[in-house]
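A.B. asks:
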Amino acid sequence: MKGICILGSTGSIGVSTLDVVARHPNLYQVIALTANTNIADLFQQCLDHRPQYAVVVDTQKAEEFKRLIASSDVSSIEVLTGTAGLEQVSVLTAVDSVMAAIVGAAGLLPTLAAAKAGKTVLLANKEALVMSGDLFMEAVAESNAQLLPIDSEHNA
């Protein structure tokens, strides 16, 4: 069973990824889910997929999310915050694959951290390559990470 971390789980690519994961419960285990501010959808995803970790980037929303989690039957989920939280879940030992689906520059640091940690990076965020292509590809090569483009633009 492969552990997966979904950076940007409440966006369209994240939701699609969770749909695939749900159809193959014998192949994948959700280790971490992340969102910027959409705590309602993230909370429902936590109820449905029961990850070990959830990250809310926005610190104010994170406090509200922590209260939701604490008063639910998924209170064992560890809630992290900020970009540091994104980076932390991207390099967890239990994580084999990282779906990098955060839009824009916000996804660069956790995606780079995953590559440096030798994870399989499912890249739906082309900004990581556009903004720091050489640095990113060097990290992939040095750590023997695997880079799999998800968006059709990457494959054109």
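With the numbering used here applied, the sequence shown has no gaps in its numbers, which climb one by one up to 191 at the end. By construction, the Cβ of each residue, glycine as well, lies at the ideal position given by its N, Cα and C atoms.
Can you give me the start and stop residues for the beta strand (DSSP E) that residue 70 sits inside?
C.D. replies: For the purposes of this step, residue 70 is identified with residue 35 of the sequence shown, where counting begins at 1. Unbroken beta strand (DSSP E) run through residue 70: 63 to 70.
A.B. asks: Taking the alpha carbon of residue 44 as the reference point, which residue from 181, 107 and 89 has its own alpha carbon closest?
C.D. replies: As a working mapping, residue 44 is identified with position 9 in the sequence shown. Answer by Cα proximity: 89.
A.B. asks: Would you say residue 46 and residue 63 are within 9 Å of each other, going by their C-beta atoms?
C.D. replies: Against the sequence shown, residue 46 aligns to sequence position 11. Against the sequence shown, residue 63 aligns to sequence position 28. No.
A.B. asks: What would DSSP say about residue 41, mapped onto helix, strand or coil?
C.D. replies: Start at 1 with the first residue of the sequence shown, and residue 41 comes out as number 6. It is a strand residue.
A.B. asks: Got a sec? Which residues, its chain only, sit under 7 Å from residue 140 by beta carbon, not counting five neighbours each side?
C.D. replies: The residue labelled residue 140 in the question sits at position 105 within the sequence shown. Excluding sequence neighbours, residue 140 sits near 162 and 166.
A.B. asks: Which partner residues of residue 132 appear in the DSSP bridge assignment?
C.D. replies: Against the sequence shown, residue 132 aligns to sequence position 97. According to DSSP, which records beta bridges pairwise, residue 132 is partnered with 39 and 155.
A.B. asks: By the DSSP assignment, the beta strand (DSSP E) with residue 89 in it spans what residues?
C.D. replies: Position 54 of the sequence shown, counted from the first residue, corresponds to residue 89. Run containing residue 89: 88 to 91, per the beta strand (DSSP E) assignment.
A.B. asks: Would you say the segment 112 to 132 touches the segment 77 to 89, given that touching needs at least three Cβ pairs under 8 Å?
C.D. replies: Contact holds: three or more Cβ-Cβ distances are below 8 Å.
A.B. asks: Can you give the Cα-Cα distance for residue 210 and residue 48, rounded to whole angstroms?
C.D. replies: Here the chain covers residues 36 to 191 and nothing more, so residue 210 does not appear.
A.B. asks: Does the contact criterion of 3 or more C-beta pairs under 8 Å hold for the segment 117 to 132 versus the segment 63 to 78?
C.D. replies: Taking 8 Å as the limit for Cβ pairs, the verdict is that the segment 63 to 78 does touch the segment 117 to 132.
A.B. asks: Residue 103 lies in the alpha helix (DSSP H); which residues open and close that run?
C.D. replies: Here the question's residue 103 lines up with position 68 in the sequence shown. Note, residue 103: alpha helix (DSSP H), 94 to 105.
A.B. asks: Exposed or buried, which one is residue 36 when buried takes at least 16 other CB atoms within 10 Å?
C.D. replies: Counting from one through the sequence shown, the residue named residue 36 turns up at place 1. Residue 36 should be labelled exposed.
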